[in-house]
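What follows is a set of notes on a single structure, which appears directly below.
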Amino acid sequence: LTDQLLRIKAWDSDLEEETTGGATEIEKNGRDDAADKQGHVQKVQKLIYAAKEKFSLQSDSDNYSNQVTDLNHVLVTLYSAGLNSASEILYPNCHVKVQRLQQKLQIMTEMYQENELKLHRLLTVEEKERLQKEEKLNKADRNIALAMEELNNYRQRAAEMEEELEKTKQSYQTQISSHEKKAHNNWLAARAADRDLSDIRRENAILRQKLTDTQFKIDALDKDPFALDSLARPLPFRAERSLYGPSSLGRPGSETRPFLSPPTLVDGPPAARLSPRGTKILIILSH
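Heads up: take any position in the sequence shown, counting from 1, add 50, and you land on the numbering used here.
Now the structure itself:
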């Protein structure tokens, strides 16, 4: 019993030092997870050891109670049997032994109550810390879930914006291609119109030159009907006598296209062929 009491006292001192030292060390080291787990295992082992000691103390207490009860029965039996002499001999020893056992029982009960109170405090602190950790973990899980939901929303919104941007890009590319095609067609039409305009101007210049020459011949024939021979020769300053000024292109060569050539006056209207002026024109053209 003395050895057990000494072990319980030593365990109490170690438990107090471990509790205070462990709390200080946890506060200083930021509650390291690995050390916390190891300390928790040690505390559980100590709790198991305390439970065993508690059971042993309860067993010893029951044994002491049984011994006291047995001694009381013995005393009652001795008194009832009339063994006064024997009771006088045994009573002092038994009474001292009972008092000693009662003192030990009281000491062990007090120690048991103290140990139970310490263990209850320790368990309360550990339970409070566990609840705080669980609350923090639950809060972190909720924050992670909200962050993941926001991230999914942002990803979906980004995908929608990319799809919309791609559609807008394709629409603009289609419009640009259409405008480029229209611009190319307009450029081709403008070039064709420029070529047609150049051809028309060239044809007009040729016709103007021929008309000027013909008008000059007609005027000369009106003044001098016998000047046909001189008119058949080329005139040196014909371009200066032109009403429209000198031609920038000159007479058309043999490479001039057939549709640019004006119709001959021989194939003109019947009135021109029957009038005297038409006769003069025919004579001039024949020469």
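Ideal Cβ placement from N, Cα and C applies to all residues, glycine included. Treat the numbers as computed from the prediction; the structure is a model and nothing was measured.
**Item:** Rounded separation between Leu-238 and Glu-199 - CA only
**Value:** 58 Å
**Message:** So for Asp-274, helix, strand or coil by DSSP?
**Reply:** coil
**Request:** State whether the segment 153–173 contacts the segment 110–122, with contact taken as three or more CB pairs (one from each stretch) at a distance under 8 Å.
**Result:** yes
**Prompt:** Which word fits Leu-167, buried or exposed, when buried means at least 16 other C-beta atoms lie within 10 angstroms of its C-beta?
**Reply:** exposed
**Request:** Take the Cβ of Lys-232 as the centre, count every other Cβ of all protein chains shown within 10 Å, and call the residue buried at 16 or more, exposed below.
**Result:** Burial check for Lys-232: the Cβ neighbour count within 10 Å stays below 16, so the residue is exposed.
**Request:** Taking Leu-169 and Ala-100 to be in contact with their CB atoms under 8 Å, please state how far apart those CB atoms are, rounded to whole angstroms.
**Result:** Rounded, the Cβ-Cβ distance is 6 Å, consistent with contact.
**Message:** Using a Cβ-Cβ cutoff of less than 6 Å, which residues in the same chain neighbour Tyr-204 once the five nearest sequence positions on both sides are dropped?
**Reply:** none
**Prompt:** Does the distance from the CB of Leu-121 to the CB of Val-148 come in under 7 Å?
**Reply:** Cβ distance < 7 Å, so Leu-121 and Val-148 count as in contact.
**Per-residue burial, Ile-256 [other beta carbons within 10 Å of its own, 16 or more giving buried]** = buried
**Message:** Let's test the definition: count the other Cβ atoms within 10 Å of the Cβ of Asp-191 and tell me whether it reaches 16, buried, or not, exposed.
**Reply:** With fewer than 16 Cβ atoms within 10 Å of its Cβ, Asp-191 is classed as exposed.
**Prompt:** Which one of Arg-171, Lys-186, Val-118 and Glu-185 has the shortest CA to CA distance from Lys-153?
**Reply:** It should be noted that the sequence gives Gln, not Lys, for residue 153. The shortest C-alpha separation from Gln-153 is found at Val-118.
**Asked** Do you know how far the Cα of His-234 is from the Cα of Leu-243?
**Response** Correcting the residue type first, residue 243 is Ala in the shown sequence and not Leu. Approximately 14 Å between the Cα atoms of the pair.
**Request:** With a 10 Å radius around its C-beta and 16 neighbouring C-beta atoms as the bar for buried, classify Gln-259 as buried or exposed.
**Result:** buried
**Prompt:** Alpha carbon to alpha carbon, how far is Asp-272 from Asn-254?
**Reply:** 26 Å
**Request:** Give me the Cβ distance between Tyr-162 and Lys-104, rounded to the nearest whole Å; I'm assuming they're in contact under 8 Å.
**Result:** Contact check for Tyr-162 and Lys-104: beta-carbon distance about 6 Å, within the 8 Å limit, so the pair qualifies.
**Prompt:** In whole angstroms, what is the alpha-carbon distance linking Lys-219 and Glu-184?
**Reply:** Between Lys-219 and Glu-184, the alpha-carbon positions lie close to 52 Å from each other.
**Outcome for Lys-189 when other beta-carbon atoms lying within 10 angstroms are tallied against a minimum of 16** = Only exposed fits Lys-189, as fewer than 16 other CB atoms lie within 10 angstroms of its CB.
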